[in-house]
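Peer 1: Numbering (my numbering), first residue to last: 88 to 330.
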Amino acid sequence: MKPNALIVNELLKRKIKHANHEDLIINEVHKILNNDLFHKKKVLSHLQLYNRSFELMNEDDADILAIFSLSDIKEICIAYRLRFIDSQNYKKEIPYEAILKIKDLNTKHRKDLKGFKILAPIENFRTDGKDEELLLFAQTDHGNYYLIHKWGSGLSKHRKFFNWPMRRFETLVFTVVLVSAILAVTLPTRLIWLPEGADYWGMYRVGAFFHILIFNMGITTYLTFAFSNNLSVSSWNSSNDFR
88 MKPNALIVNE LLKRKIKHAN HEDLIINEVH KILNNDLFHK KKVLSHLQLY
138 NRSFELMNED DADILAIFSL SDIKEICIAY RLRFIDSQNY KKEIPYEAIL
188 KIKDLNTKHR KDLKGFKILA PIENFRTDGK DEELLLFAQT DHGNYYLIHK
238 WGSGLSKHRK FFNWPMRRFE TLVFTVVLVS AILAVTLPTR LIWLPEGADY
288 WGMYRVGAFF HILIFNMGIT TYLTFAFSNN LSVSSWNSSN DFR
């Protein structure tokens with residue numbers, strides 16, 4: 088079954104969104120300058136160090152639609168709560184199709200590519216985790232990343248929504264305050280104010296809001312530290328969980 092390409096499509100959207108005419112011109116100038124240097128190194132490698140190769144992939148000979156900037160990858164990781172870390176942290180077997188693609192790239196670019204990265208949910212890096220959408224990347228000579236292969240069953244479209252609170256500190260605080268406000272407004276009056284006949288709206292409901300807010304903040308802090316649920320903005324490229 089063909090894997091869901093949700094993350095790939097999101098990366099392409101950001102790539103198109105952030106691209107502009109000026110960037111394209113600058114990139115072309117960069118490539119021309121780097122291309123001249125590359126050819127000089129290539130000639131020397133043939134003459135003196137034929138068996139020695141460069142580890143970074145040559146971006147000029149690659150499919151531009153498969154090349155993504157680190158900033159776009161970071162945005163995707165934060166939005167969908169994913170990890171972008173070294174492939175050595177993936178404990179399961181890499182698909183044979185991905186290995187064949189790497190061999191083809193090595194032959195095409197005359198390089199021994201190393202330093203691969205995998206973009207996937209943290210659960211996929213555990214031996215008992217389900218393989219959802221995983222993307223395998225290789226770094227290019229321009230500091231971007233080339234998408235080599237994707238596999239897995241695909242991510243849920245709702246993952247972005249459910250992981251929104253854990254993106255940043257601001258989104259977490261906003262979520263806690265919002266939930267506390269909703270609870271304070273929807274709680275029956277008899278549960279927060281004993282005298283009968285009290286109005287639905289009153290200062291006692293404001294007091295209930297602050298009590299609920301303090302309680303929710305405490306629970307959130309405990310769950311965050313107890314289960315090492317770091318915010319996505321600080322953990323998107325961290326492999327500390329696997330050491």
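Note that beta-carbon positions come from the ideal geometry of N, C-alpha and C, so glycine has one too.
For clarity, every value in this text was computed on a predicted model and none was experimentally measured.
#1: Which one or two residues does DSSP pair with Tyr232 in a beta bridge?
#2: Just mark Gln226 as buried or exposed, buried being the case when its beta carbon has 16 or more other beta carbons within 10 Å.
#3: Quick one: what's got a C-beta closer than 8 angstroms to Tyr137's C-beta in the same chain, skipping five residues either side?
#4: Are there 16 or more other CB atoms within 10 angstroms of the CB of Asp159, so buried, or fewer, so exposed?
#5: Let me make sure I understand the geometry here. Which of Leu259, Ala268, Leu99 has the alpha-carbon closest to that of Gly294?
#6: Mapping the DSSP letters down to three states, classify Ile205 as helix, strand or coil.
#7: With DSSP as the reference, identify every bridge partner of Asp147, one or two as the case may be.
#8: So what's Trp238 in DSSP terms, helix, strand or just coil?
#9: The alpha helix (DSSP H) spanning Asp191 covers which residue range?
#10: Look at the Cβ atom of His236, then the Cβ atom of Leu259, and state whether they are nearer than 9 angstroms.
#11: Sort out for me which residues DSSP pairs Asp173 with in a bridge.
#12: So, do the segment 210-219 and the segment 171-178 have three or more beta carbon pairs nearer to each other than 8 angstroms?
#13: Would you mind reading off the limits of the alpha helix (DSSP H) that contains Ser322?
#14: Got a sec? Which residues, its chain only, sit under 6 angstroms from Pro252 by beta carbon, not counting five neighbours each side?
#15: Under 7 angstroms Cβ to Cβ from His196, same chain only, skipping five residues before and after it: list those, please.
#16: Specify, as a first and last residue, the run of the alpha helix (DSSP H) that Ser267 falls within.
#17: Quick check: the Cα distance between Gly230 and Trp323, rounded to an integer number of angstroms?
#18: How far does the alpha helix (DSSP H) with Ala313 in it extend, from its first residue to its last?
#19: Beta-carbon separation of Ala313 and Arg292 under 9 angstroms?
#20: Whose CA, out of Arg277, Ile299, Thr311, Asp150, lies closest to the CA of Leu265?
#21: Take Lys104 as the anchor and find which of Ser156, Asp150, Ala92 has the nearest alpha-carbon.
Peer 2: By the coordinates alone:
#1: Phe155, Gln226
#2: buried
#3: With a pLDDT of only 34 at Tyr137, under 50, the local geometry of the prediction cannot be trusted, and the value read off the model is given with reservation. Closer than 8 angstroms at the Cβ level, and outside the excluded window around Tyr137, lies no residue.
#4: Answer is buried; the Cβ neighbour count reaches 16.
#5: Ala268
#6: Reduced to three states, the DSSP call for Ile205 is strand.
#7: Paired residues: none, contrary to the question.
#8: strand
#9: Its alpha helix (DSSP H) spans residues 183-196.
#10: Taking 9 angstroms as the cut-off, the beta carbon of His236 is found no closer than this to the beta carbon of Leu259.
#11: Per DSSP, Lys204.
#12: At 8 angstroms Cβ cutoff, the stretches touch.
#13: 319-322
#14: Cβ within range, chain order: Thr258, Leu259, Thr262.
#15: Met144, Asn145, Asp148
#16: 256-273
#17: 18 angstroms
#18: 290-313
#19: Using a Cβ distance threshold of 9 angstroms, Ala313 and Arg292 do not count as a contacting pair.
#20: Nearest C-alpha to Leu265: Ile299.
#21: Ser156
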